Amino acid sequence: MNSRMPPDPTPDRAFDDAARAHYREAAATLPPALQGRLRDARRAALAAPSAASPWRLAMPLAAMATAVLALGVGLRMQAPPVPPAATGAGTVPTHPAIPSAAPSGDAEASLLTLEDDPDFYLWLGAGEADPMLDPSSEDCCDEPS
Amino acid sequence: MSPDAGPEPSCAASLPTTLDGFLAGIEARAFRFAEIGLRHREDALDAVQDAMIRMLVYRERPPVEWTPLFWSVLRSRIVDQQRRRMFRLRWLVSAGEDDADHAIAWADHSADPVRAQEGRAAYAQLSSALQALPARQREAFQLRILEELDVADTATAMGCSAGAVKTHLSRAREALQRHLQDYR
Chain A
1 MNSRMPPDPT PDRAFDDAAR AHYREAAATL PPALQGRLRD ARRAALAAPS AASPWRLAMP
61 LAAMATAVLA LGVGLRMQAP PVPPAATGAG TVPTHPAIPS AAPSGDAEAS LLTLEDDPDF
121 YLWLGAGEAD PMLDPSSEDC CDEPS
Chain B
146 MSPDAGPEPS CAASLPTTLD GFLAGIEARA FRFAEIGLRH REDALDAVQD AMIRMLVYRE
206 RPPVEWTPLF WSVLRSRIVD QQRRRMFRLR WLVSAGEDDA DHAIAWADHS ADPVRAQEGR
266 AAYAQLSSAL QALPARQREA FQLRILEELD VADTATAMGC SAGAVKTHLS RAREALQRHL
326 QDYR
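Quick mapping for you: the protein sequence lines, in order, are chains A and B. Using the working numbering, the letters of the first sequence map in sequence onto residues 1 to 145. Using the working numbering, the letters of the second sequence map in sequence onto residues 146 to 329.
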């Protein structure tokens, strides 16, 4: 064969046609049981929910919302309890004139100021503060009897 | 004809308009395609069914696009099945497997038993020669010659360039013709 001549296409064409004919024959001679399984597979596939459906995201979104809710509830339950003094509930009422047992920084400053005030000692000495220190006095208790 | 030449593109006017009709027309050939690639009947059925399910995503696409999409999806399912099989370590249990899963399923509808037997033997020979090819060459021959896809659709289905399709096809045809002298 002259090497400059293009290859003869006829053998390729005949080969391709023969291969295709056998392939088509094989596809046409599937056993009935196998054809039935393919048919069932196709029907099952077409009956399956489409992956393109907008509802395909419903389950992941619902699961995510549930997880966020559970996380929120968990964080709320693990939060440190609020000190009762901050809420005011359950505390014993104190007299406005008697300083608190745990005075704040401002209260301590005011006490120091009182100690330096000579009028404070004059007031103590005049006996006006005695009813406040006497538990039997009616004036010292605001609670109803 | 050039070495990469194949059949003329099929006529789009004859395409089915529903996905059900499309799949019904292609499912038998799809099974044979997968059977050659996987050499196992049950795995081939699984691959075809998976491909059908995944085709639902493309239901709204124009029917003319379904053919290359389907072969692309089926090809990827076959590759997945092959990888999964490696994890299953089939070679450890191959001795206990049912040989019927590897035999070519063939129904004898012909009135001429001799002719039917010849057809089955010829297909078995072709199938065996295709299985001996590298995967890309086999896919190029199956899609371009047996399924009559044009070069562009074959490239789409294989996920490669048109030039690569022509190269794979040329090598596949050369190897097959060496093995299948009687097909000429």
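In this text, a Cβ means the ideal position worked out from N, Cα and C, and glycines have one as well. On a predicted model such as this, the values are computed, not experimentally measured, just so you know.
Query raised in the report: If we call anything under 9 Å between Cβ atoms a contact, is residue 314 of chain B one with residue 285 of chain B?
Result: Your numbering for residue 314 of chain B matches position 169 in the second sequence. Your numbering for residue 285 of chain B matches position 140 in the second sequence. Result yes, Cβ atoms of residue 314 of chain B and residue 285 of chain B sit closer than 9 Å.
Requested in this report: Identify each residue in the segment 22-36 of chain A for which the Cβ-Cβ distance to at least one residue of chain B is less than 9 Å, and report them in chain order.
Outcome: Against chain B - using a Cβ distance shorter than 9 Å - the residues of the segment 22-36 of chain A are 22, 23, 24, 25, 26, 27, 28, 29, 30, 31, 32, 33, 34, 35.
Query - Beta carbon proximity, residue 39 of chain A to chain B, threshold 9 Å - result: For this step, residue 39 of chain A is matched to residue 39 along the first sequence. Chain B places a beta carbon closer than 9 Å to that of residue 39 of chain A, counting this residue as a contact.
Query raised in the report: Can you find a CB in chain A that lies within less than 9 Å of the CB of residue 322 of chain B?
Result: As a first step, residue 322 of chain B is located in the second sequence; it is residue number 177 there, counting from the start. Under the 9 Å criterion on CB atoms, residue 322 of chain B is classed as interfacial with respect to chain A.
Report task. Report the three-state DSSP secondary structure of residue 205 of chain B (helix, strand or coil). Result -> Counting from one through the second sequence, the residue named residue 205 of chain B turns up at place 60. In the structure shown, residue 205 of chain B sits in coil (DSSP, three-state: anything other than H, G, I, E or B).
Requested in this report: Just tell me which of B:165, B:323, B:295, B:298 has its CA closest to the CA of residue 275 of chain B.
Outcome: Residue mapping note: residue 275 of chain B aligns to position 130 of the second sequence, counting from 1. Ranking the options by Cα distance to residue 275 of chain B, first place goes to B:323.
Requested in this report: Taking only the alpha-carbon atoms, compute the straight-line gap between residue 317 of chain B and residue 283 of chain B and give it to the nearest angstrom.
Outcome: Here residue 317 of chain B corresponds to residue number 172 of the second sequence, with the count starting at 1. Here residue 283 of chain B corresponds to residue number 138 of the second sequence, with the count starting at 1. Cα to Cα, residue 317 of chain B sits roughly 7 Å from residue 283 of chain B.
Query raised in the report: Just the Cα atoms here: how many angstroms apart are residue 287 of chain B and residue 271 of chain B?
Result: Residue 287 of chain B sits at position 142 when you count from the first residue of the second sequence. Residue 271 of chain B sits at position 126 when you count from the first residue of the second sequence. Inter-residue distance for residue 287 of chain B and residue 271 of chain B is about 11 Å (C-alpha atoms, whole angstroms).
Query raised in the report: Quick one: what does DSSP say residue 304 of chain B is sitting in, helix, strand or coil?
Result: Sequence index remark: in the second sequence, residue 304 of chain B carries index 159 (1-based). Three-state DSSP puts residue 304 of chain B in coil, outside helix and strand.
Query raised in the report: Of all the residues that make up the segment 160-173 of chain B, which are near chain A by a beta-carbon distance shorter than 9 Å?
Result: For the segment 160-173 of chain B, which is checked against every Cβ of chain A, the residues closer than 9 Å are 164, 165, 168, 169, 172, 173.
Query raised in the report: Would a check of beta-carbon distances place residue 290 of chain B closer than 9 Å to chain A?
Result: Here residue 290 of chain B refers to the residue found at position 145 of the second sequence. Yes, residue 290 of chain B lies at the interface with chain A (some Cβ there is under 9 Å from its Cβ).
Query raised in the report: Does DSSP put residue 324 of chain B in a helix, in a strand, or in coil?
Result: Counting from one through the second sequence, the residue named residue 324 of chain B turns up at place 179. Helix at residue 324 of chain B.
Report task. Could you tell me if residue 23 of chain A is buried or exposed, where buried requires 16 or more neighbouring beta carbons within 10 angstroms of its beta carbon? Result -> Counted from its first residue, the first sequence places residue 23 of chain A at position 23. Residue 23 of chain A counts as buried, since no fewer than 16 other beta carbons sit within 10 angstroms of its beta carbon.
Query raised in the report: Below 9 Å between beta carbons: does that hold for residue 31 of chain A and residue 175 of chain B?
Result: The count along the first sequence starts at 1 and reaches residue 31 of chain A at position 31. The count along the second sequence starts at 1 and reaches residue 175 of chain B at position 30. In this structure, the beta-carbon distance from residue 31 of chain A to residue 175 of chain B does not fall below 9 Å.
Query raised in the report: What is the residue span of the alpha helix (DSSP H) that residue 188 of chain A lies within?
Result: Any question about residue 188 of chain A goes unanswered here, given that chain A covers just 1 to 145.
Query raised in the report: Can you name the residues of chain A whose CB is closer than 9 Å to the CB of residue 251 of chain B?
Result: What you label residue 251 of chain B is simply residue 106 of the second sequence in a count that begins at 1. Under the 9 Å cutoff, chain A gives 26, 29, 30, 31.
**Report entry** Closer than 9 Å to chain A by CB, residue 231 of chain B
**Finding:** By 1-based counting over the second sequence, the position of residue 231 of chain B is 86. So, not an interface residue.
Requested in this report: Quick one: residues in its chain with C-beta nearer than 7 Å to the C-beta of residue 197 of chain B, no 5 flanking neighbours on either side, listed in chain order?
Outcome: As a working mapping, residue 197 of chain B is identified with position 52 in the second sequence. Apart from the 5 residues on each side of it in sequence, residue 197 of chain B sits with its Cβ closer than 7 Å to the Cβ of 168 in its chain, given in chain order.
**Report entry** Validate contact between the segment 218-225 of chain B and the segment 189-206 of chain B using beta carbons, cut 8 Å, 3 pairs
**Finding:** Yes, since at least three Cβ pairs between the segment 218-225 of chain B and the segment 189-206 of chain B fall closer than 8 Å, the two stretches touch.
Query - Contacts that residue 206 of chain B makes with chain A (C-beta to C-beta distance below 7 Å) - result: Against the second sequence, residue 206 of chain B aligns to sequence position 61. Against chain A, a Cβ distance below 7 Å from residue 206 of chain B picks out nothing, because the smallest value is about 10 Å.
Report task. Report the neighbours of residue 20 of chain A on chain B: residues whose CB is nearer than 7 Å to its CB, in chain order. Result -> Counting from 1 along the first sequence, the entry for residue 20 of chain A is found at position 20. Scanning chain B for C-beta atoms nearer than 7 Å to the C-beta of residue 20 of chain A yields 290, 291, reported in chain order.
Query raised in the report: What span of residues does the alpha helix (DSSP H) with residue 258 of chain B cover, start to end?
Result: Translated into the one-based positions of the second sequence, residue 258 of chain B becomes position 113. Counting along the chain, the unbroken alpha helix (DSSP H) around residue 258 of chain B starts and ends at 258-276.
Query raised in the report: Using 9 Å as the limit for Cβ to Cβ distance, is residue 194 of chain B near chain A?
Result: For the purposes of this step, residue 194 of chain B is identified with residue 49 of the second sequence, where counting begins at 1. Yes - at least one Cβ of chain A is within 9 Å of the one on residue 194 of chain B.
Report task. Go through its chain and collect everything with a Cβ distance to residue 164 of chain B's Cβ below 6 Å, but skip five positions before and after it. Result -> Numbered from its first residue, the second sequence carries residue 164 of chain B at position 19. Counting only residues of its own chain and dropping the five nearest sequence neighbours on each side, residue 164 of chain B has a CB closer than 6 Å to the CB of 204.
Report task. With DSSP as the reference, label residue 240 of chain B as helix, strand or coil. Result -> Numbered from its first residue, the second sequence carries residue 240 of chain B at position 95. Reliability of the predicted coordinates at residue 240 of chain B is poor, the pLDDT of 48 falling under 50, and no value is obtained from them.
Query raised in the report: Within the 9 Å Cβ cut-off, does residue 48 of chain A reach chain B?
Result: Within the first sequence, numbered from 1, the residue matching residue 48 of chain A stands at position 48. Closer than 9 Å to some Cβ of chain B, the Cβ of residue 48 of chain A qualifies, so yes.
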